[in-house]
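Residue numbers (the numbering used here): 13 to 301.
We treat Cβ as the ideally placed atom computed from N, Cα and C, and that holds for glycine.
Printed below as a string of structure tokens:
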């Protein structure tokens, strides 16, 4: 079996930045175990599989597709950057004729639409609630040490993500250079409550161009990702939290991984969130299975 395959760097306009995702176009049924084996072979944070929903569909003219995401070790219920990469492949390489695409996923229907300077993802917005420090103290100390000052801890039950806001006394450089130890986290947290750790920081009032409302880094060793470069799913949680903290519906965010990536955020009246970003397709070829 031969599959068209692409690699696209998402949430960036520049190649070799942002978050790379592999995108496979599945013409016919793919054996179930092949998804995970291909994702392991690609060894990127996520590999996306776009499939036709009806035999009469085609990748150029159809507007609805199935979409699944796999890390090298497991399937995940939501992935923003691989959805953005999938839309970029369909729009820019396959020349899909539609302005809006709908993806049927484990997280419901997700839409991606063309924008003048990128692609806009219509995603769920997930609220957070305060998290008792004592329940997660060992996890946080193992990750960032005893000396790092924490200002707020929140939890998203829908996504099983733990959000740790660092002190406002820190700046972007501190977050970028912070040594985070993810190796022991899956041993410390084995209940299944936490599947991802978000570290976030309030944006600086000035001094950097462009200015960002908040910064973040994301870690998910529970699903085989020590650090994810730019994470759309984390921003479904971050957007909710920072919108309340900053009293803003329109925000600009930067994820401070080594590769780095930026997102434009707009909270929608229907309780969802638009995440806008660019994508650079850096590889296309054929996968022989």
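Pairwise C-alpha distance: residue 143 and residue 21: Straight-line Cα distance between these residues: approximately 34 Å.
Three-state secondary structure assigned by DSSP to residue 201: In the three-state DSSP reduction, residue 201 falls in the coil class, being neither helix nor strand.
Per-residue DSSP class, three states only, for residue 288: Residue 288 carries a strand assignment under DSSP once its states are collapsed to helix, strand and coil.
Whole-angstrom distance between residue 291 and residue 126, CA atom to CA atom: Approximately 12 Å between the Cα atoms of the pair.
Local Cβ density within 10 Å of residue 55, reported as buried at 16 or more and exposed below that: Residue 55 comes out exposed.
Buried versus exposed call for residue 232 [16 or more other C-beta atoms within 10 Å across all chains shown]: That one is buried.
Ranges of the beta strand (DSSP E) found wholly within the region 204-270, counting only runs of at least 3: For the region 204-270, the full-length beta strand (DSSP E) segments reaching 3 residues or more read 208-214, 226-232, 237-240 and 262-267 along the chain.
Contacts around residue 74, its chain only, beta-carbon distance under 6 Å, and the 5 residues preceding and following it disregarded: Excluding residues up to 5 positions away in sequence, nothing lies with its Cβ nearer than 6 Å to the Cβ of residue 74 in the same chain.
Host alpha helix (DSSP H) of residue 44 (start-end): Residues 44-54.
Straight-line Cα distance separating residue 244 from residue 271: Each residue's Cα considered, the two are about 15 Å apart.
Secondary structure of residue 27, DSSP reduced to three states: Look at residue 27 here: in three-state DSSP terms it is coil, with no helix or strand label.
Counted within 10 angstroms of its Cβ, other Cβ atoms place residue 263 as buried (16 or more) or exposed: It counts as buried.
Residues near residue 297 by beta carbon distance below 7 Å, same chain, minus five either side: Excluding sequence neighbours, residue 297 sits near 17.
Beta-ladder partner(s) of residue 88, from DSSP: Beta-bridge pairing links residue 88 to 81.
Euclidean distance between Cα positions of residue 81 and residue 61: Between residue 81 and residue 61, the C-alpha separation is close to 6 Å.
Delimiting residues of the alpha helix (DSSP H) encompassing residue 172: Element bounds for residue 172: n/a, residue is neither H nor E.
Sufficient close CB pairs (3 or more, under 8 Å) joining the region 192-200 to the region 161-174: The answer is no - the region 161-174 does not touch the region 192-200, with fewer than three Cβ pairs under 8 Å.
Endpoints, the beta strand (DSSP E) within which residue 39 is located: Run containing residue 39: none; DSSP gives neither H nor E here.
Validate contact between the region 178-193 and the region 209-218 using beta carbons, cut 8 Å, 3 pairs: Yes, the region 178-193 touches the region 209-218.
Cut-off 6 Å between Cβ atoms - residues of its own chain near residue 230, not counting five sequence neighbours on either side: 210, 240, 243 and 246.
Proximity below 9 Å, CB of residue 19 to CB of residue 294: With respect to the 9 Å criterion, residue 19 and residue 294 are classified as neighbours on the basis of their beta carbons.
Simplified DSSP state of residue 107, which is helix, strand or coil: Residue 107 falls in the coil class under three-state DSSP.
Proximity winner among 202, 207, 69 and 228, relative to residue 188 (alpha-carbon distances): Put simply, of 202, 207, 69 and 228 the residue whose alpha carbon is nearest the alpha carbon of residue 188 is 228.
Alpha helix (DSSP H) segment containing residue 155, residue limits: 145-156 is the span of the alpha helix (DSSP H), which, as asked, contains residue 155.
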